[in-house]
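Asker: Residue numbers (the working numbering): 34 to 142. The C-beta atom is built at its ideal place from N, Cα and C for all residues, glycine as well. On a predicted model such as this, the values are computed, not experimentally measured, just so you know. Here you go, one structure.
Here's what the structure looks like:
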(Lines of atoms letter the chains of each structure in order from A and count residues from 1; the text may use other names and numbers.)
(Lines give C-alpha, C1' and ligand atoms only; values in the text may rest on other atoms or scores of the structure.)
Protein backbone atom coordinates (compact mmCIF):
# COMPACT_ATOMS: atom_id res chain seq x y z
CA UNK A 1 0.00 0.00 0.00
CA UNK A 2 1.28 3.45 -0.93
CA UNK A 3 0.00 6.39 1.11
CA UNK A 4 -0.29 9.85 -0.48
CA UNK A 5 2.08 11.22 2.17
CA UNK A 6 4.85 8.99 0.81
CA UNK A 7 4.72 10.96 -2.44
CA UNK A 8 5.20 14.37 -0.80
CA UNK A 9 8.94 14.16 -0.25
CA UNK A 10 9.97 11.37 -2.56
CA UNK A 11 10.25 11.05 -6.31
CA UNK A 12 7.79 8.55 -7.70
CA UNK A 13 10.51 6.63 -9.56
CA UNK A 14 12.24 5.32 -6.40
CA UNK A 15 8.87 4.89 -4.70
CA UNK A 16 7.67 2.61 -7.48
CA UNK A 17 11.00 0.76 -7.34
CA UNK A 18 10.24 0.05 -3.66
CA UNK A 19 6.79 -1.21 -4.62
CA UNK A 20 8.33 -3.52 -7.24
CA UNK A 21 10.81 -4.82 -4.67
CA UNK A 22 8.03 -5.57 -2.20
CA UNK A 23 5.71 -7.38 -4.62
CA UNK A 24 8.43 -9.17 -6.57
CA UNK A 25 7.19 -11.36 -9.40
CA UNK A 26 3.99 -12.37 -7.66
CA UNK A 27 0.48 -11.50 -8.77
CA UNK A 28 -0.65 -7.98 -7.92
CA UNK A 29 -4.13 -6.48 -7.59
CA UNK A 30 -4.18 -2.69 -8.01
CA UNK A 31 -6.87 -0.83 -6.07
CA UNK A 32 -6.85 2.95 -6.40
CA UNK A 33 -8.88 5.07 -3.97
CA UNK A 34 -9.86 8.38 -5.59
CA UNK A 35 -9.83 10.14 -2.22
CA UNK A 36 -6.04 9.78 -2.27
CA UNK A 37 -6.13 12.60 -4.82
CA UNK A 38 -6.33 16.15 -3.50
CA UNK A 39 -9.93 17.45 -3.52
CA UNK A 40 -8.78 20.39 -5.64
CA UNK A 41 -8.62 17.80 -8.45
CA UNK A 42 -11.15 15.21 -7.27
CA UNK A 43 -13.82 16.72 -5.00
CA UNK A 44 -16.45 14.09 -5.77
CA UNK A 45 -15.71 11.60 -3.01
CA UNK A 46 -17.26 10.87 0.36
CA UNK A 47 -14.03 11.49 2.26
CA UNK A 48 -12.02 14.31 0.64
CA UNK A 49 -8.59 14.76 2.24
CA UNK A 50 -6.35 17.75 1.58
CA UNK A 51 -2.71 17.07 0.79
CA UNK A 52 -3.44 14.30 -1.66
CA UNK A 53 -1.84 13.46 -4.98
CA UNK A 54 -2.09 15.61 -8.07
CA UNK A 55 -3.66 14.10 -11.17
CA UNK A 56 -0.21 13.76 -12.75
CA UNK A 57 1.16 11.94 -9.69
CA UNK A 58 -1.82 9.57 -9.77
CA UNK A 59 -1.16 8.73 -13.42
CA UNK A 60 2.56 8.27 -12.68
CA UNK A 61 1.76 5.78 -9.91
CA UNK A 62 -0.47 3.77 -12.22
CA UNK A 63 1.99 3.95 -15.12
CA UNK A 64 4.70 2.83 -12.71
CA UNK A 65 2.84 -0.47 -12.38
CA UNK A 66 3.60 -1.40 -15.98
CA UNK A 67 5.45 -4.70 -16.07
CA UNK A 68 3.99 -5.98 -12.80
CA UNK A 69 1.92 -9.16 -12.92
CA UNK A 70 -1.38 -7.31 -12.53
CA UNK A 71 -4.27 -9.74 -12.20
CA UNK A 72 -6.89 -7.03 -11.83
CA UNK A 73 -7.55 -3.47 -10.80
CA UNK A 74 -10.28 -1.18 -9.55
CA UNK A 75 -11.00 2.44 -8.74
CA UNK A 76 -13.09 3.19 -5.66
CA UNK A 77 -14.79 6.06 -3.81
CA UNK A 78 -15.95 8.12 -6.82
CA UNK A 79 -19.27 9.61 -5.66
CA UNK A 80 -21.27 11.28 -8.46
CA UNK A 81 -23.68 13.02 -6.02
CA UNK A 82 -20.69 14.95 -4.62
CA UNK A 83 -19.14 15.50 -8.06
CA UNK A 84 -20.94 18.71 -9.02
CA UNK A 85 -18.41 19.64 -11.73
CA UNK A 86 -17.92 16.16 -13.19
CA UNK A 87 -14.15 16.49 -12.69
CA UNK A 88 -13.87 13.47 -10.42
CA UNK A 89 -15.79 11.22 -12.81
CA UNK A 90 -13.66 12.37 -15.74
CA UNK A 91 -10.48 11.79 -13.76
CA UNK A 92 -11.77 8.39 -12.64
CA UNK A 93 -12.44 7.38 -16.24
CA UNK A 94 -8.94 8.49 -17.24
CA UNK A 95 -7.33 6.59 -14.36
CA UNK A 96 -9.25 3.43 -15.29
CA UNK A 97 -8.01 3.83 -18.86
CA UNK A 98 -4.45 4.12 -17.53
CA UNK A 99 -5.02 0.93 -15.51
CA UNK A 100 -6.18 -0.95 -18.59
CA UNK A 101 -3.06 0.22 -20.44
CA UNK A 102 -0.69 -1.32 -17.87
CA UNK A 103 -2.38 -4.73 -17.67
CA UNK A 104 -0.20 -7.62 -18.87
CA UNK A 105 -0.64 -8.45 -22.53
CA UNK A 106 -1.43 -4.90 -23.62
CA UNK A 107 0.75 -3.95 -26.58
CA UNK A 108 2.56 -0.65 -26.02
CA UNK A 109 3.58 1.59 -28.89
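(1) Identify the residues that DSSP records as bridge partners of residue 106: which are they?
(2) Between which two residues does the alpha helix (DSSP H) harbouring residue 120 extend?
(3) Is there contact between the stretch 66 to 83 and the stretch 45 to 58, where contact requires at least three CB pairs shorter than 8 angstroms?
(4) Among the residues of its own chain, which have a CB less than 6 angstroms from the CB of residue 92, if the five just before and after it don't count?
(5) If the criterion is Cβ atoms closer than 8 angstroms, does the pair residue 103 and residue 63 meet it?
(6) Based on the DSSP output, what are the partners of residue 86 in its beta bridges?
(7) Which of the three DSSP states is assigned to residue 46 in this structure?
Answerer: To lay it out plainly:
(1) On the chain shown, residue 106 is found 73 positions in, with the first residue counted as 1. Paired residues: 63.
(2) Here residue 120 refers to the residue found at position 87 when the chain shown is read from its first residue. In the DSSP annotation of this structure, the continuous segment of the alpha helix (DSSP H) that includes residue 120 starts and ends at 120 to 134.
(3) no
(4) Taking the first residue of the chain shown as position 1, residue 92 is located at position 59. If the five residues before and after residue 92 are omitted, its C-beta is found closer than 6 angstroms to the C-beta atoms of 131, all from its own chain and listed in chain order.
(5) By 1-based counting over the chain shown, the position of residue 103 is 70. By 1-based counting over the chain shown, the position of residue 63 is 30. Contact: yes.
(6) Taking the first residue of the chain shown as 1, we reach residue 86 at position 53. 70.
(7) Position 13 of the chain shown holds residue 46. If DSSP states are grouped into helix, strand and coil, residue 46 belongs with the helices.
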